[in-house]
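First to last, the protein sequences are chains A and B.
For the first sequence, position 278 matches number 278 in the numbering used here, and the numbering has no gaps at all.
For the second sequence, position 512 matches number 900 in the numbering used here, and the numbering has no gaps at all.
We put the beta carbon where it would ideally sit given N, CA and C, even for glycine.
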Amino acid sequence: MRPAHNYGHPIETGVPRPPHEPMPWVDPATNQTPSTNIDTKQMKSIFREYGARAAGLSLLPVLLAARSWADGPQTTPSIFAPASTPANSIFGLSMFVLGITGAIFVVVGGLLAYAIIRYRAKSSDDASEPPQIYGSVQVELAWTVVPILIVVVLFLTTARIIFAIQDAPKPKDALDVTVVGHQFWWEFRYPTLGIVTANELHVPVSTPQDPEPTYLHLLSADVDHSFWVPQLAGKTDLIPNHPNETWIEPQHTGLYYGQCAQFCGVEHAKMLLRVYVDTPEQFAEWVKDQQQPGVQDPQVAAGRQIFETHACTNCHTIKGTAAGTFGPDLTHLASRATIAAGAAMNTPADLHEWIKDPDHYKPGCLMPAMQLSDQEIDQLVAYLETLH
Amino acid sequence: MADQTLPIGGSLDITPERSERQTLLEWLQAWVVTVDHKRLGILYVVYSIFFLLVAGAEALCIRIQLMIPNNHFVSPETYNELFTMHGTTMVFLVGMPILFGFGNYLVPLMIGARDMAFPRLNAFSFWLTAFGGLLLYYSFIGGFGLYGMGAAPDVGWFAYAPLTTKPFSVGHATDYWALALIVSGFGTLGTAINIIATTLSMRCKGMTLLRMPLFVWLMLVVSALTLITITPLTAAQVMLLIDRYLGGHFFDAQAGGSAIIWIHFFWIFGHPEVYVLVLPVFGVASEIIPVFSRKAIFGYPAMVAASAGIAFVSLGVWAHHMFTVGMTSVGNTFFVLSTMLVGIPTGIKIFNWLATIWGGKVQFRVPMMFCVAFLFQFLIAGLTGIMLSVAPWDWQLHNSYFVIAHFHYVLVGAIIFNIFAAIYYWFPKVTGKMLSETLGKWHFWLFFIGFHMTFDTMHFVGLLGMPRSIYTYEANRGWNHLNMIVSIGAFIQGIAVLVFAFNMMHSLRKGKEAGNDPWDAWTLEWSTPSPPPEYNFATDPEVYSRRPLWDIKHPDDPDWKYE
Ligand SMILES: [Cu+2]
C-alpha cells in the first residue's frame with residue numbers, strides 16, 4: 001500500500017481540530033517542532049557575519065587615505081586619486097553618494113543584524129508560534145516615502161554633475177586631439193598642430209592662471225573601444241561610425257596610466273595607454289619636435305632601405321618616407337617610451353624581438369612577423385632608434 | 389474532477405504500482421519521455437547543476453590566470469573563450485534553467501494543480517534548452533574561432549558588434565553562440581508561456597490570485613517578463629546572422645550600420661534578464677524566511693506590488709549599461725532617474741523581509757542561513773547598484789572590476805545563495821531525504837567566506853582602475869595582492885560547491901527520512917508525501933487563505949480570519 005496521500009484529506013474548517021493533534025500526513029519521526037535552540041557556534045556565526053561586513057566597510061577609509069598622498073600621477077590608476085577637472089567632480093559626487101549609501105547600509109544592516117540576533121529562537125522558548133503580523137499600512141508607507149526622498153536628492157545631485165561635465169562650454173583655446181581606436185593600439189592626431197602619434201598622449205597642464213583643457217574626439221577604425229585614464233576622467237567609448245567627445249583638464253604634470261576599457265578582441269588587455277601631462281614649455285618643445293619630418297641619418301641608410309623595401313611601408317607612416325596608416329605612425333617612434341601600446345619597452349632589444357615576432361609580446365596582434373634575418377632586424381632597429 | 393465525497397484522499401489511488409525492478413533502459417526511457425512537471429523540474433535542476441560545475445571550473449581557470457600579473461596559464465585566446473563561456477553558461481544554462489526548474493516543480497504543487505497547463509510543451513521546452521546548451525559547448529570542437537582553430541565563442545557574453553561581424557570574427561564560434569541562444573531561448577519562451585497559463589488557469593479551489601504563494605507570484609511575473617525580454621535578444625541574434633551570412637549591414641558600421649543598435653538590443657534584453665534571474669529567488673526568500681521566522685510574510689500585497697513594479701520599471705532602465713557610449717546629457721539623466729526608481733520597490737522588499745523576521749522566532753537551519761546571508765548581500769548589491777546608477781560615477785566604474793563585483797553580488801550573493809537555500813529547503817520534498825545539516829553548515833560557511841574574499845575584494849580592484857575582460861595586467865598597477873585574494877576566495881567557493889555536491893549524493897542514499905513536512909511549513913506542497921505522487925493531489929485541494937497548512941495546524945486561529 002502506498003502511504004495515504006494527504007490532499008484527499010478534506011479541510012474541516014467547520015470542525016476545529018485540537019491544536020496539538022498532529023497532522024494525519026505528518027511523519028511521526030519528524031513530527032517534533034523543528035529545532036528552536038541556537039548554540040554558541042551559531043551565535044558566533046552571526047557575529048562573524050556582521051563583523052565581516054564591518055571590516056569590509058572599514059577598508060574604505062584606507063582607500064580614501066590613498067587620496068591624501070596622491071596629488072598627481074600614480075602607477076595605480078585609482079579613481080579616488082583624481083588629478084583633472086572631470087575626475088575631480090566625479091570624485092566629489094562619489095563621496096557624497098558613498099556617504100548616503102554608507103548611512104543606509106549602517107541603518108538597514110544594523111536593523112537586520114539586530115533582528116536576527118534579538119529574534120533568534122531561544123532554547124527557553126516554548127513550542128508556541130510567535131504572534132502573526134500580516135502588515136501595517138502606516139509602517140509600509142513610511143518606508144516607501146523615505147526611499148523616495150533619498151532618490152530625489154541623489155537624482156538632483158547627479159543630474160547637476162552630468163550637465164556640468166557633459167555640457168561644459170568648450171573654451172576657445174582648448175587643445176583638440178582626435179583619438180582613433182584600432183585593434184589594439186591608439187592613434188592620436190592633433191589636427192591644429194599637424195601631429196600624428198600613437199599610444200602616448202601628450203597634453204599641457206592646466207593651471208588656474210592659464211586653464212587649458214584638452215578635448216578628445218573619439219573615433220574607431222574597427223570595433224568598439226573605450227578611452228579610460230581613471231585619474232583624468234571617466235571613460236568614453238570609441239565606436240565606429242559614432243563620433244564621441246570627452247575632455248580632460250589635468251592639474252598636475254606627470255605620467256598617467258590608462259587602458260582600453262571595452263573588450264575589443266584578443267589583445268584587448270594589452271591596449272594600454274599613457275598620458276603625459278607636460279608643463280607648457282615641455283609641451284611646446286614636444287610639439288616642435290613632433291612637427292619635424294622623420295630624421296634622415298645616412299649612417300642607418302641600410303635599415304631605412306630595409307624598411308622601405310618591405311611591407312612595413314604599407315602599414316606604417318614615416319613622414320618623408322612611407323605613408324601606410326594601418327599601424328602606428330613611426331615618424332617619431334624614438335620619442336616614445338613604449339611600443340605596441342605598452343606591451344613592450346622602446347629599447348633596442350624589445351624592438352628587435354617585436355619586429356622579429358610581434359606575437360611574442362602580443363599574441364594575436366595585427367602586425368605580422370616579417371621573416372627578416374637577425375642582421376636585417378638589427379639594421380632596422382638602428383634606423384628606428386634614430387627617429388626622434 | 390476529483391471525487392469530493394471520498395472521505396480519505398489516499399483511497400483514490402488510481403495509478404498502478406510501478407514495477408519494482410526497472411531495467412536501466414526503462415529507467416532512462418521514463419526520464420526521457422516524461423511529461424511530468426516534477427521530473428522535468430528535476431531534469432532542469434540536474435542539468436543546471438552540471439553546467440554550474442562546468443562554468444565554475446571556467447571561473448577557476450580565469451582566476452588562476454589572474455592570480456599574478458603577466459601570467460601565462462592560458463593563452464589570450466583561451467582566456468577570452470573562458471570568460472565568454474563562463475558568462476554565457478552561468479546566465480543561460482545555469483541561472484535561467486535552474487529557476488525555471490524550481491518553477492516547474494513547485495508552481496503546480498503550490499497552487500494545488502496536478503501538472504502544468506501544457507505538459508508536452510513543458511517537455512519540449514526542456515529538451516530545447518538542453519540542446520541549446522549542447523550546441524553551445526559543441527563549439528569547442530566544431531567552431532572555427534578568430535584564430536582558425538576549433539574554438540568556443542570569444543566575444544564576451546555581451547558580444548558587442550561589430551566585433552561579432554564576419555570581418556572581426558571569422559569561423560563559426562560566434563554562430564554557435566547565436567544559434568545556441570536562439571534555440572535555448574525558444575525553450576525558455578515555452579516554459580514562460582506554460583507557467584503563465586498554469587498560474588492563471590490551474591489554481592485549485594479557493595486559491596485566488598492574492599492567495600498564491602509569493603514564489604508562484606514571482607514566477608508569474610518573471611514569465612511575463614521573459615516573454616518581453618527574450619524577444620529582442622532573439623531578434624538581435626537573427627540580425628547578426630543576417631549580417632554574417634546574408635550580406636546584411638545592421639551592425640556593419642563601415643557600411644552605415646550601427647554598432648550602438650546592438651548595444652541597445654542587447655541591454656533591452658540584458659537588463660530585465662537580471663530581474664528574470666533575481667525575481668524567482670525573491671520568491672524563494674519569501675517562502676523560506678517566513679517559515680524559519682515562524683511568521684507570516686509581512687505586507688504580502690506590497691510584496692506582490694513591488695515585484696510587479698520592479699518588473700515594470702526594469703523595462704525602462706537598460707541604457708544605464710550605456711552611460712559611456714555617448715548619449716546626450718538628457719538621455720543619461722533620464723536613465724539615471726529610471727534606474728534609481730528601481731531602488732524604491734527593492735527597498736520595500738528588503739524592509740518587508742526584515743519586518744517578517746522582526747518579532748519572530750528565527751531558526752538558523754541551513755536554508756535560513758543562506759537566506760540571511762542573502763539579505764545582507766542583496767542590501768550591499770542594491771547600494772552598489774545605486775552607486776552605478778549615478779552616471780558620472782559610472783563613467784569611472786563601468787566595465788571595471790567594480791561592476792563585476794556588483795553583479796556577482798547579485799548573481800552569486802543573492803541568486804546562488806538563494807538557489808542553495810531553495811535546494812536545502814525543497815530537497816526533502818523532492819527526494820524524501822533530508823540533506824545533512826552538518827555538511828550544509830560546512831558548505832554555507834566555506835561558501836560565505838570564499839564569496840566575501842572574492843567579491844568584496846573585487847570592488848576595490850575596480851576602484852583602483854582595473855578593467856574587466858583583460859587576460860593579464862601590468863605588475864606595477866597595485867592590483868597584485870588584491871587579485872591573489874580574489875583568486876583564493878574563488879577556490880574556497882569551489883571547495884564549498886564540492887561539499888555541496890557530495891552532500892547531495894550522500895544524503896540521497898543515506899539521508900534522514902524527511903517525512904511530508906519537515907520544516908513545519910504552510911504551503912500546499914508540504915501536504916503531499918515526499919516525493920509527491922505523479923498526480924500530486926488525489927483530490928483537488930481547497931484553500932481558504934495564503935497559508936492553507938497554517939489554517940489546518942491552527943484551526944483556533946486560522947489566517948483566513950485576518951486576510
Ligand atoms: Cu580596445
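> Can you tell which of B:Tyr861, B:Gly882, B:Ala547 and B:Ile804 has the C-alpha that lies nearest to the C-alpha of A:Cys264?
Replying inline: By alpha-carbon distance to A:Cys264, the top candidate from B:Tyr861, B:Gly882, B:Ala547 and B:Ile804 is B:Ala547.
> What three-state label does DSSP hand B:Asn904 in the structure shown?
Replying inline: The three-state reading of DSSP puts B:Asn904 in coil, since its state is none of H, G, I, E or B.
> Does ligand 1 have even one heavy atom less than 7 Å from the beta-carbon of A:Gly181?
Replying inline: Under cutoff, so the answer is yes.
> Does the Cβ of A:Gln166 lie closer than 7 Å to at least one heavy atom of ligand 1?
Replying inline: Because no heavy atom of ligand 1 lies under 7 Å away, the Cβ of A:Gln166 does not count as near it: no.
>> Is any non-hydrogen atom of ligand 1 found closer than 7 Å to the C-beta of B:Met715, if you look at the structure I gave you?
In response: It does not: the Cβ of B:Met715 is nowhere closer than 7 Å to a heavy atom of ligand 1.
> Per DSSP, A:Met345 forms a beta bridge with which residues?
Replying inline: BP columns for A:Met345 point to A:Thr338.
> Where do the N-terminal and C-terminal ends of the beta strand (DSSP E) with B:His709 fall, by residue?
Replying inline: Following the DSSP letters along the chain, one finds B:His709 in no beta strand (DSSP E), marked with neither H nor E.
>> Buried or exposed for B:Asn904, going by 16 or more other Cβ atoms inside 10 Å?
In response: Residue burial annotation: B:Asn904 is buried, with at least 16 other C-beta atoms found within 10 angstroms of its C-beta.
> Does ligand 1 have even one heavy atom less than 7 Å from the beta-carbon of B:His979?
Replying inline: The displayed coordinates of chain B run from 389 to 951. Any statement about residue 979 of chain B would go beyond what the structure contains.
> Who sits around ligand 2, taking every residue whose Cβ is closer than 5 Å to one of its heavy atoms?
Replying inline: By its list of ligands, the structure shown excludes ligand 2, since it contains just ligand 1.
> Along chain A, which residues have their Cβ under 9 Å away from the Cβ of B:His962?
Replying inline: There is no way to answer for residue 962 of chain B, as the model of chain B reaches only from 389 to 951.
>> At a CB distance below 8 Å, what residues from the region 783-796 of chain B approach chain A? Give them in sequence order.
In response: Per Cβ criterion, the list reads Trp783, Gln784, Leu785, His786, Asn787 and Ser788.
> Applying a beta-carbon distance threshold of less than 8 Å, which residues of chain B neighbour A:Asp237?
Replying inline: Chain order gives the chain B residues near A:Asp237 as Thr712, Val713 and Gly714, where near means a beta carbon separation below 8 Å.
> By the criterion of Cβ-Cβ separation under 7 Å, what are the contact partners of B:Leu977 in chain A?
Replying inline: Chain B is shown only over 389 to 951; residue 977 of chain B falls outside these bounds and no answer can be derived.
> Around the Cβ of B:Phe815, are there at least 16 other Cβ atoms within 10 angstroms (buried) or fewer (exposed)?
Replying inline: So B:Phe815 counts as buried.
> Around the C-beta of A:Ala369, are 16 or more other C-beta atoms found within 10 angstroms, so that it is buried, or is it exposed?
Replying inline: Classification of A:Ala369: exposed, given that the 10 Å Cβ count is below 16.
>> Considering only their Cβ atoms, is the gap separating B:Pro755 from B:Phe686 smaller than 8 Å?
In response: B:Pro755 is positioned such that its CB atom lies no closer than 8 Å to that of B:Phe686.
> Nearest to B:Ser875 by CA position, among B:Val433, B:Gly444, B:Gln410 and B:Leu413, is which residue?
Replying inline: Checked all of B:Val433, B:Gly444, B:Gln410 and B:Leu413; the closest Cα to B:Ser875 is B:Gly444.
> Hey, how far is the Cα of B:Asn806 from the Cα of B:Phe758?
Replying inline: Straight-line Cα distance between these residues: approximately 6 Å.
> Using the C-alpha atoms, what's the distance from B:Ser589 back to B:Ser702?
Replying inline: Rounded to the nearest angstrom, the gap between the Cα atoms of B:Ser702 and B:Ser589 is 27 Å.
> Taking C-alpha atoms, which residue in B:Val543, B:Gly489, B:Leu516 and B:Leu441 lies nearest to B:Thr466?
Replying inline: Closest by alpha carbon: B:Val543.
>> Between the alpha carbons of A:Glu285 and A:Glu245, how many angstroms are there, rounded?
In response: A:Glu245 has its alpha-carbon roughly 27 Å from the corresponding atom of A:Glu285.
> A:Arg304 touches chain B at which residues, Cβ-Cβ below 7 Å?
Replying inline: Ordered by position in chain B, no residue passes the 7 Å Cβ test against A:Arg304, which lies about 33 Å from the chain.
> Name the DSSP bridge partner or partners of A:Leu201?
Replying inline: In the DSSP output, where bridge partners are listed per residue, A:Leu201 has A:Val275.
> Taking Cβ-Cβ distances below 7 Å as the criterion, which residues of the region 118-136 of chain A are in contact with chain B?
Replying inline: Within the region 118-136 of chain A, Tyr119, Arg120, Ala121, Asp125, Glu129, Pro130, Pro131, Gln132, Ile133, Tyr134 and Gly135 place their CB atoms closer than 7 Å to a CB of chain B, listed in sequence order.
> Using DSSP with H/G/I as helix, E/B as strand and the rest coil, what is A:Gln292?
Replying inline: If DSSP states are grouped into helix, strand and coil, A:Gln292 belongs with coil.
>> Using the three-state DSSP reduction, which class does A:Phe105 fall into: helix, strand or coil?
In response: Here A:Phe105 sits in helix by DSSP.
> the region 747-767 of chain B: which residues have C-beta closer than 8 Å to a C-beta of chain A, in chain order?
Replying inline: For the region 747-767 of chain B, which is checked against every Cβ of chain A, the residues closer than 8 Å are Gly747, Gly748, Lys749, Val750, Gln751, Phe752, Arg753, Met757, Val760, Ala761, Leu763, Phe764 and Leu767.
> Skipping 5 residues on each side, what residues in its chain have a beta carbon closer than 7 Å to that of B:Thr586?
Replying inline: Val495, Pro496, Ala501, Met504 and Ala505.
> With B:Met627 and B:Gly635 assumed to form a contact (beta carbons below 8 Å), what rounded beta-carbon distance in angstroms separates them?
Replying inline: About 13 Å; that fails the 8 Å criterion.
> Just the Cα atoms here: how many angstroms apart are A:Gln262 and B:His794?
Replying inline: Spanning the two alpha carbons is a distance of roughly 18 Å.
> Using a Cβ-Cβ cut-off of 6 Å (strictly less than) and excluding sequence neighbours within five positions of A:Gly181, which residues of its own chain qualify?
Replying inline: Result list for A:Gly181: Ser220, His225 and Leu238, in chain order.
> Can you name, in chain order, every residue of its own chain whose Cβ lies under 6 Å from the Cβ of A:Val287, other than the five neighbours on each side?
Replying inline: Within its own chain, the residues whose Cβ lies closer than 6 Å to the Cβ of A:Val287, once the five positions on either side in sequence are excluded, are Leu193, listed in chain order.
> Would you call B:Asn458 buried or exposed, if buried means 16 or more other Cβ atoms sit within 10 Å of its Cβ?
Replying inline: So B:Asn458 ends up on the exposed side.
> Can you name the start and end residues of the beta strand (DSSP E) that B:Asp563 belongs to?
Replying inline: Looking at the DSSP string, B:Asp563 is not in any beta strand (DSSP E); the run it does join, the alpha helix (DSSP H), is Ala561 to Ser589.
> Does any CB atom of chain B fall closer than 8 Å to the CB of A:Ser94?
Replying inline: Using a Cβ-Cβ cut-off of 8 Å, A:Ser94 counts as an interface residue toward chain B, since at least one Cβ of chain B sits closer than that to its own.
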